[in-house]
Amino acid sequence: MPPLVTLTTDLGDVYASQMKGMLYRRLAPGSVVDLSHDLPAHGVSESAFLLRHMAQRFPAGTVHVAVVDPGVGSPRAPLGIVTGEGSSLVGPDNGLLWPLASALGSPRSFRLDPTRIAAHGLVSPTFEGRDLFAPAAALLASGSSLEFLGSAFEPIRYEIPAPRPRADGLEGQVLHVDRFGNLITNVLTSAGAEVGTKVAVQFGRGPVRRSSFQRTYADLPEGLWAVLGSSFGYLEVSAREGSAARRFGVRVGDRVRLSWRR
Amino acid sequence: MPPLVTLTTDLGDVYASQMKGMLYRRLAPGSVVDLSHDLPAHGVSESAFLLRHMAQRFPAGTVHVAVVDPGVGSPRAPLGIVTGEGSSLVGPDNGLLWPLASALGSPRSFRLDPTRIAAHGLVSPTFEGRDLFAPAAALLASGSSLEFLGSAFEPIRYEIPAPRPRADGLEGQVLHVDRFGNLITNVLTSAGAEVGTKVAVQFGRGPVRRSSFQRTYADLPEGLWAVLGSSFGYLEVSAREGSAARRFGVRVGDRVRLSWRR
Amino acid sequence: MPPLVTLTTDLGDVYASQMKGMLYRRLAPGSVVDLSHDLPAHGVSESAFLLRHMAQRFPAGTVHVAVVDPGVGSPRAPLGIVTGEGSSLVGPDNGLLWPLASALGSPRSFRLDPTRIAAHGLVSPTFEGRDLFAPAAALLASGSSLEFLGSAFEPIRYEIPAPRPRADGLEGQVLHVDRFGNLITNVLTSAGAEVGTKVAVQFGRGPVRRSSFQRTYADLPEGLWAVLGSSFGYLEVSAREGSAARRFGVRVGDRVRLSWRR
């Protein structure tokens, strides 16, 4: 089967569609899969986390294009990565691609050379997604190799931050607020405790609130909240059919402290 | 032609993309069609109405996956349905799938068995869409049968509520407010009257307002409103290039009373 | 390769998905590409500009369906256009299709005949997108010709408005506010000046503000704004990692006056 190209941006439909036009100049119908075009504008670290989780289950050989790029047009490098299982990643060298590349394994990185990719080497300084990254992805999905489109390169290696141990628990942060207002933390579910165990939660310098670990939303009494193992593999703070983010006034990047008897 | 898989959720892009990754592990490029990922969060009855109308014109043999699932992880059954014309439906057993299944005709229902579907039978208690429904849909689109993936089952049969007759008309409710603020009711267009007939409309306990039946938006004088036959086959209350929902302060689920001389 | 069908509307997912169902009754998996379904409601002139830029890079032979149609059901004609390079455009005759048709070149226009397209000639007076435009596009993508589906016709020729020369510069307007709050004007980048040149900008009757031409966002000091050559080929007013639209209180259609030494 011909490879898929996934598309993940903070650009909105109008710019993303221009990238699709460039991709389909070379690729067969059905090749392009939209992951999201509504990532937080200029939110590189949250987007790096989300890209990893949205893209990592696609089949080996997929080409993943991602653009969250406040530095477009600056000297930051245009980046291509090939992983051990044969998937490719294309986007700006600002850390966005690294968590996905690490998860897929054995990444090798290349600085893309516009003169080998763009029509006449011309690239809009405000929209490399359309003029450089989309054409590069179309070439990779058509059989070109990164060795041919660029040269070996040492990229920015952004890692999802790990929580810090505290005397009575862990201090982490909120990586993502999902559509339901659930607060996804950077504390691995495996670091948590058995269902039913009591837990104390503190956001930033707010009050210490007490709840328990639970298995799923439906196990929560209406109006209550708890700490669950999210589908991301990290602990999340959730309110039953309500927004924990609104309830606690929490945003992405806020500090969260979890304490429980171990 | 290989079958399509449609995807309809209230999950937003981040979770829906993870489902697409699972689907494409098994399916050919172009197989997955996004219907919506912005359905009203946890709004099962409105979503059941919308799913039916979004999905019912797809060709026979299509696999429809839908996830609006406040009870994820609870004992509510994971449901698969096959219809007389050979389409399949996959999602939670909470009524969401039933109006579409009824419209397609001759539905037979099955309780999905996770041990026959999920990798090692492991399913996240907060995201069955990714770990159970998407893999089940991929198997069905690849030729598996529901007889093999589950066992016969009696599902929840949710029907779109019918309006009640009143001395001088009908009392129904607002099923959906569309992007333009048009109010789609549960009163069949065929229950209405000829274009030009006068009609009285009352929302909830609000004032009785007088207007008329019209054929289309462009027949309304600017700033005016009327009752039209919507494209859903039900009567709608519409304001010319404005939002009837905002004008009348109406929401999904509100009662609406229509009276006209018959 | 079979042709693509692009879909661009102000209808939102619920109505757009119904159009996709109609398209896939006839077309192979992967044929339909969503450009946007969130165009400004009833915003024909802005949408005409956006459609052109979203669609113009797709390969020759693509069928472009667009629906932004406040006059649905009125006597305005249903329009089909074929261009010199063999692409087709389908939508309402209200100017929406014309900038794209002009950009693709050598357009020939046809009034669509519902009796040759819709099932039994039946078309909902509130949703021609589903009952007429989608079936027409499916027929065109399957090999039918506009000569067969309609008759030659003189359409509304809407052009993107040109800026007017002033003693000390140009007076244009804001065509589009993008997701980041950048203000895309109707002044061609080629009418601008070298990077570093000073420029005075006045929105509507607001104060005259002074800045300079710059090459890209990253060249702007944090918190500052400037005039750039946008990826659309027109000058844009941009604030570094902030919304110029919010900063200056500007909306689509607002007048903008640019003055610089030439």
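Chains as they are written, first to last, in this note's numbering: chain A, 15 to 276; chain B, 15 to 276; chain C, 15 to 276.
Built from N, CA and C at the ideal position, the CB exists for glycine as well.
Closest Cβ-Cβ distance between residue i and chain A: below 8 Å?
i       : result
T25(B)  : Correcting the residue identity first, residue 25(B) is Leu in this sequence and not Thr. With 8 Å as the cut-off, L25(B) counts as an interface residue toward chain A.
L242(C) : yes
L272(C) : no
Y231(C) : yes
E185(C) : no
Which residues in chain F have a C-beta closer than 7 Å to the C-beta of residue i? List them in chain order.
i      : result
S31(C) : Judged by its chain identifiers, the structure shown contains no chain F, and its protein chains are A, B and C.
In three-state terms, what does DSSP make of residue i?
i       : result
V58(A)  : helix
T22(A)  : strand
E142(C) : helix
D48(A)  : strand
A279(C) : Nothing can be reported for residue 279(C), as the shown portion of chain C is limited to 15 through 276.
F217(A) : strand
E208(A) : coil
A80(A)  : strand
L202(C) : strand
P255(C) : It is worth fixing the name first, because residue 255(C) is Glu in this sequence and not Pro. Correct three-state label for E255(C): coil.
F63(B)  : helix
E161(A) : helix
Y172(A) : coil
F167(B) : coil
S101(C) : coil
R130(C) : helix
P89(C)  : coil
V264(B) : coil
G279(B) : Only positions 15 to 276 of chain B appear in this structure, which leaves residue 279(B) out of reach.
G247(A) : coil
A69(B)  : helix
Mind checking if residue i is an interface residue toward chain B, Cβ cutoff 8 Å exclusive?
i       : result
S45(A)  : yes
R261(A) : no
A168(A) : The sequence shown places Glu at residue 168(A), rather than the Ala named in the question. Taking Cβ atoms only, chain B never reaches closer than 8 Å to E168(A), which makes this a no.
L18(A)  : yes
Can you pull the chain B neighbours of residue i, defined as C-beta to C-beta under 8 Å?
i      : result
M15(A) : A42, P43
So, at 6 Å on beta carbons, what are the nonlocal neighbours of residue i in its own chain, with the 5 sequence-adjacent residues on each side left out?
i       : result
P121(B) : I95, T97, A115
V104(B) : V79, G94, F147, A150, A151
R229(C) : V209
M33(A)  : G143, R144, A148
A207(C) : F227, W274
L65(B)  : T22, A80, L114
K212(C) : S226
A69(B)  : T20, H78, L114
Hey, would you say the C-beta of residue i is under 7 Å away from at least one heavy atom of the ligand COA?
i       : result
L154(A) : Although the ligand COA was asked about, the structure shown includes no ligands whatsoever.
Hey, does residue i have any beta-carbon neighbour from chain C nearer than 8 Å?
i       : result
R39(B)  : no
L255(B) : Looking at the sequence shown, residue 255(B) is not Leu but Glu. For E255(B), the answer is yes, since a Cβ of chain C falls inside 8 Å of its Cβ.
Can you pull the chain C neighbours of residue i, defined as C-beta to C-beta under 7 Å?
i       : result
S245(B) : S138, T140, F141, R144
For residue i, go through chain C and note every residue whose CB falls closer than 8 Å to its CB, in chain order.
i       : result
R175(B) : The question names Arg, but residue 175(B) in the sequence shown is Pro. The premise fails here: P175(B) is roughly 19 Å from chain C at the closest Cβ pair, so nothing lies under 8 Å.
G35(A)  : M68, A69, Q70, R71, F72
Output, in chain order, the set of chain A residues within a Cβ distance shorter than 8 Å of residue i.
i      : result
V28(B) : S50, L64, H67, M68, H190, D192, R193
For residue i, which residues of its own chain have a beta-carbon under 7 Å away from its beta-carbon, when the five flanking residues on both sides are left out?
i       : result
G13(C)  : What is shown of chain C runs 15 to 276, which leaves residue 13(C) out entirely.
S257(C) : F194, G195
E60(C)  : P54, L189, H190, V266
In chain order, what residues of the same chain lie with their CB nearer than 8 Å to the CB of residue i, ignoring the 5 residues before and after it?
i       : result
P16(A)  : L41, A42, S45, A155
G119(C) : T97, G98, E99
L234(B) : Q228, A240, S252, A253, R254
D127(B) : L163, G164, S165
The stretch 82–115 of chain C: positions lying closer than 7 Å to chain B by Cβ
The stretch 82–115 of chain C vs chain B, Cβ under 7 Å: P84, G85, V86, G87, S88.
Give, in chain order, every residue of the stretch 117–148 of chain C whose Cβ lies closer than 7 Å to some Cβ of chain B.
S138, P139, T140, F141, R144
Could you name the residues of the stretch 53–65 of chain A whose beta carbon sits closer than 7 Å to any beta carbon of chain B, in the order they occur along the chain?
L64
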